[in-house]
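J.: Got a structure here, written out as structure tokens. Questions coming.
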Amino acid sequence: MDDSLSDEDESDTDEDIDDNEHKNKSYIDFMDCFPVFHNLTHIELNYGMHTDWIQVVEILKRCPKLQILVIDKGPPCLYHEKWRRWSKPQSVPKCISSHFTTCRINNYKGFEGEFQFASYIMQNARFLQTMAISCNSLVDEEEKFKMLKRLSLYTRRSAACKLFFE
Numbered sequence: 001m002d003d004s005l006s007d008e009d010e011s012d013t014d015e016d017i018d019d020n021e022h023k024n025k026s027y028i029d030f031m032d033c034f035p036v037f038h039n040l041t042h043i044e045l046n047y048g049m050h051t052d053w054i055q056v057v058e059i060l061k062r063c064p065k066l067q068i069l070v071i072d073k074g075p076p077c078l079y080h081e082k083w084r085r086w087s088k089p090q091s092v093p094k095c096i097s098s099h100f101t102t103c104r105i106n107n108y109k110g111f112e113g114e115f116q117f118a119s120y121i122m123q124n125a126r127f128l129q130t131m132a133i134s135c136n137s138l139v140d141e142e143e144k145f146k147m148l149k150r151l152s153l154y155t156r157r158s159a160a161c162k163l164f165f166e
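All letters in the sequence shown, in the order written, are residues 1 to 166 by the UniProt record's numbering.
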């Protein structure tokens with residue numbers, strides 16, 4: 001079986017983009033009805049291909065006392081273009097600036113969106129102690145080192161923050 005993709009397979013058509021924008025808007029509309037979890041301190045999110053960083057941030061906004069976040073992006077076959085993109089939120093969710101101590105991202109592949117999300121957490125979490133990145137099994141040791149080096153260059157708001165790569 002040929003694992004290569006043609007340019008045509010990788011690019012979104014106008015119809016796909018409109019459909020994706022509609023799905024994101026629908027999701028955010030749904031999130032408006034989503035409750036606020038005032039006492040939640042630990043959450044593990046398991047995501048697939050129809051999720052993106054905007055949705056992660058929307059959930060974080062509804063967990064003001066969250067201290068521990070674990071994101072499992074699922075197996076590589078579920079990676080989607082949405083995970084590659086990052087849109088910086090207009091404001092930092094309260095849990096990030098006031099309570100976050102641990103953030104773990106599993107199945108990290110090194111996409112720009114993943115990198116931007118991880119660096120955003122490190123730059124905004126005043127009490128962050130641990131940023132743990134567990135790389136996808138398809139990432140070789142040389143790539144892991146490059147990813148670690150790149151993330152290590154970013155300023156961490158918390159002097160106690162330790163960056164771990166697996």
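Here a beta-carbon is modelled for each residue, glycine too, at the ideal position from N, C-alpha and C.
In this structure, does DSSP put alanine 159 in helix, strand or coil?
T.: Coil.
J.: Should cysteine 33 and cysteine 63 be called a contact, given that it needs their Cβ atoms to be closer than 9 Å?
T.: Not a contact, by the Cβ cut-off of 9 Å.
J.: Short of 7 Å in beta carbon distance, which residues of its chain neighbour asparagine 124, apart from the five on each side in sequence? Order them along the chain.
T.: Hits under 7 Å: Val92, Ile96, Ser97, Arg157.
J.: Using the Cβ count rule (16 or more neighbours within 10 Å means buried), how would you classify leucine 138?
T.: Leucine 138 comes out exposed.
J.: Comparing alpha-carbon positions, which option in Met131, Ile59, Gln55, Asn106 lies nearest lysine 73?
T.: Ranking the options by Cα distance to lysine 73, first place goes to Asn106.
J.: Compare the beta carbon distance of glutamate 166 and isoleucine 121 with 9 Å and say whether it is the shorter of the two.
T.: The answer is no: Cβ separation not under 9 Å.
J.: What is the DSSP secondary structure of alanine 125, counted as helix, strand or coil?
T.: DSSP places alanine 125 in coil when its eight states are reduced to three.
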